[in-house]
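One structure is given below, encoded as structure tokens.
In full-length UniProt numbering, the protein residues as written are 1 to 198.
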């Protein structure tokens with residue numbers, strides 16, 4: 001679920017960071033720049049693990065900031081396909097169940113067999129031997145990663161429209177998450193902890 005990724009980057013340290021130890025200033029800037037951000041085909045950055053190399057800082061004329069070339073390792077959240085994770089149910093709708101954050105989704109086709117959506121209570125119900133097993137919000141759930149998808153959300157230039165001279169810069173999609181997981185609870189031991197007595 002968590003991995004280390006080696007990254008090389010030039011880090012900008014503002015003059016206000018000069019009073020800190022060099023390693024602390026670099027760590028703070030790396031975490032500010034990368035923490036809680038998705039790197040395409042790498043995963044969700046959590047925090048810097050360690051610095052492997054840091055050059056001497058150099059200052060651009062008229063800028064006042066120090067620029068340091070750094071080779072470091074980040075702790076990355078990127079579960080592998082087939083890995084079993086646990087979390088809490090965040091929401092339910094007729095399409096499926098959302099995990100502990102909105103970018104983990106369990107489509108209805110990946111729920112236990114004989115699952116039905118209860119529109120009145122807005123929850124999924126697994127009909128097991130004529131027993132109704134409700135998937136209530138905030139319940140602990142165990143699920144398997146079936147697939148992952150990265151989506152480039154960086155701004156892009158749209159093709160020019162007739163009679164318009166300036167490019168229209170916009171994000172690819174405000175609704176699309178940069179990293180999402182499709183998961184399953186179809187199988188023994190998967191689903192709510194309470195179903196299996198754990």
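Just so you know, even glycine gets a beta-carbon here, dropped at the ideal spot from N, CA and C.
**Prompt:** Quick one: does the C-beta of residue 28 sit closer than 6 Å to a heavy atom of the ligand ADP?
**Reply:** The ligand content of the structure shown is nil, which means the ligand ADP is not present either.
**Message:** Within 8 Å, do at least three Cβ pairs link the stretch 90-108 to the stretch 179-196?
**Reply:** yes
**Asked** Would residue 44 be called buried (16 or more neighbouring beta carbons within 10 Å of its own) or exposed?
**Response** Within the chain shown, numbered from 1, the residue matching residue 44 stands at position 44. It is buried - the Cβ of residue 44 has at least 16 other Cβ atoms within 10 Å.
**Under the three-state DSSP convention, the category residue 31 falls into** = On the chain shown, position 31 is the one that residue 31 refers to. Reduced to three states, the DSSP call for residue 31 is helix.
**Asked** According to DSSP, is residue 172 helix, strand or coil?
**Response** For the purposes of this step, residue 172 is taken as the residue at position 172 of the chain shown. Here the model assigns residue 172 a pLDDT of 43, short of 50, so the residue's position is not dependable and the matter cannot be decided.
**Prompt:** For the 8 Å Cβ check, are there 3 or more pairs between the stretch 36-56 and the stretch 115-122?
**Reply:** no
**Message:** Classify residue 52: buried if its beta carbon has 16 or more other beta carbons within 10 angstroms, exposed otherwise.
**Reply:** Walking along the chain shown from the start, residue 52 turns up at place 52. When all chains shown are included, residue 52 counts as exposed.
**Request:** Return the bridge partner residues of residue 65 from the DSSP annotation.
**Result:** Taking the chain shown and counting its residues from 1, one reaches residue 65 at position 65. DSSP lists no partner for residue 65.
**Asked** Buried or exposed: which applies to residue 70, given that a residue is buried once 16 or more other Cβ atoms fall within 10 Å of its Cβ?
**Response** The residue labelled residue 70 in the question sits at position 70 within the chain shown. Buried.
**Prompt:** Can you name the start and end residues of the alpha helix (DSSP H) that residue 91 belongs to?
**Reply:** Within the chain shown, the letter at position 91 stands for residue 91. Run containing residue 91: none in the alpha helix (DSSP H); it sits in the beta strand (DSSP E), 91-93.
**Message:** On the CB-based measure, 16 or more other CB atoms within 10 Å of its CB, does residue 16 come out buried or exposed?
**Reply:** In the chain shown, counting from the first residue as 1, residue 16 sits at position 16. Exposed, because fewer than 16 other Cβ atoms sit within 10 Å of the Cβ of residue 16.
**Asked** Within this structure, are the beta carbons of residue 42 and residue 25 separated by less than 7 Å?
**Response** By 1-based counting over the chain shown, the position of residue 42 is 42. By 1-based counting over the chain shown, the position of residue 25 is 25. For residue 42 and residue 25, no; Cβs fall outside 7 Å.
**Prompt:** When the Cα atoms are used, what is the spatial distance from residue 197 to residue 111?
**Reply:** As a working note, residue 197 is residue 197 in the chain shown. As a working note, residue 111 is residue 111 in the chain shown. C-alpha separation (whole angstroms): 19 Å.
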